[in-house]
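Novice: Following this message is one structure expressed as structure tokens.
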Amino acid sequence: GSWVTTRLTTSTADLDPAIAVDPLGEVHVAYGGNALGYLTDRRGYWTQQTISAIRAGHPTITLDANRRVHIAFEWDAALGYITDASGVSWKTTSITAAGARPSIAVHGSAVHVAFSRKPGYTSGIFYATLGSTGWSNVNVYPRATYGKPSLRLDGTGKAHIAYEDDALEPNIEYATNATG
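Just so we're aligned: the sequence shown equals residues -16 to 163 in the numbering used here.
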């Protein structure tokens, strides 16, 4: 078939789009720049919303089983999380004060984020989960310096992370908690 393109924003400050498609085929896009934005065609036409005035970068987006949106993103050296899971409004929390290049996934009500850290902070590939008392972080691989992780969960909610280890020379690594 032929491709159809649609201009979703007109600002040159809108950067780093991330996309998710729900089971009904509705499209959800998060993007960064001078603020964190969200676009969707959920109503049959595109709507745009600024969901946080925080200057954001490298957002990653996923949807839970109820089609609620979950986004992890960079701001300055920190890593943030925002969701509309309440169904009423967007809620933002801090994952860590030093995070970069997040990748997000949801299994049931559990939110999982893999991320790296910018140069100058404790290096590594980190894995965070959101519990009732907040975020808990584990350094999965302490040698990687700034490799972008990609996170997926299996059917039991176990994490699988592929990432670049650029500590000595670039190569691709894999980590999982499925066997441990």
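Even for Gly, the Cβ is constructed at its ideal location relative to N, Cα and C.
(1) Leaving out the 5 sequence neighbours to the left and right, which residues in its chain are closer than 6 Å to K141 when beta-carbon positions are compared?
(2) Where H11 and I54 are concerned, what is the direct C-alpha to C-alpha distance, given to the nearest angstrom?
(3) Could you compute how far the alpha carbon of I37 sits from the alpha carbon of E156?
(4) Which residues bound the beta strand (DSSP E) around L19?
(5) Count the other CB atoms within 10 Å of the CB of G20; is the residue buried (16 or more) or exposed (fewer)?
(6) Identify, in the order they occur along the chain, each residue of the same chain with its Cβ nearer than 8 Å to the Cβ of L46, setting aside the five sequence neighbours on each side.
(7) V10 by DSSP, collapsed to three states: which one?
(8) Could you compute how far the alpha carbon of G16 sits from the alpha carbon of A(-4)?
(9) Nearest to E152 by alpha carbon, out of R126, S(-6), G63, I144?
(10) So which of I144, D148, L134, A158 has the shortest CA-CA distance to I44?
(11) Does DSSP put T45 in a helix, in a strand, or in coil?
(12) What is the DSSP secondary structure of P0, reduced to helix, strand or coil?
(13) If you drop the 5 nearest sequence neighbours on each side, which residues of the same chain put their C-beta closer than 6 Å to that of P0?
(14) Confirm, please, whether the CB-CB distance from L(-2) to G40 is below 9 Å.
(15) So V123 packs on Y110, CB below 8 Å; how close in whole Å?
(16) Quick check on the burial criterion: 16 or more other C-beta atoms within 10 angstroms. Buried or exposed for Y28?
(17) Which residues mark the beginning and the end of the beta strand (DSSP E) in which N160 is found?
Specialist: Inspection of the coordinates gives the following:
(1) The answer, listed in chain order, is N160, A161.
(2) Taking C-alpha positions only, H11 is separated from I54 by approximately 11 Å.
(3) Their backbone Cα atoms lie some 32 Å apart in a straight line.
(4) That run of the beta strand (DSSP E) goes 19 to 23.
(5) Label assigned to G20: buried.
(6) Contacts found: A3, D5, H11, V52, H53, V89.
(7) V10 falls in the strand class under three-state DSSP.
(8) G16 and A(-4): Cα-Cα distance of roughly 5 Å.
(9) Per the Cα distances, R126.
(10) Comparing Cα positions, the closest option is L134.
(11) Looking at T45 - three-state DSSP - the assignment turns out to be strand.
(12) P0 carries a strand assignment under DSSP once its states are collapsed to helix, strand and coil.
(13) If you ignore the 5 residues before and after P0, its C-beta comes within less than 6 Å of the C-beta of V12, Y14, all in its own chain and listed in chain order.
(14) Inclusion of G40 and L(-2) in the CB contact set at 9 Å is warranted, their separation being smaller than that value.
(15) Indeed they touch by this definition, with Cβ atoms about 5 Å apart.
(16) With fewer than 16 other CB atoms across the displayed protein chains lying within 10 angstroms of its CB, Y28 is exposed.
(17) Premise fails: N160 is in no beta strand (DSSP E) and is neither H nor E.
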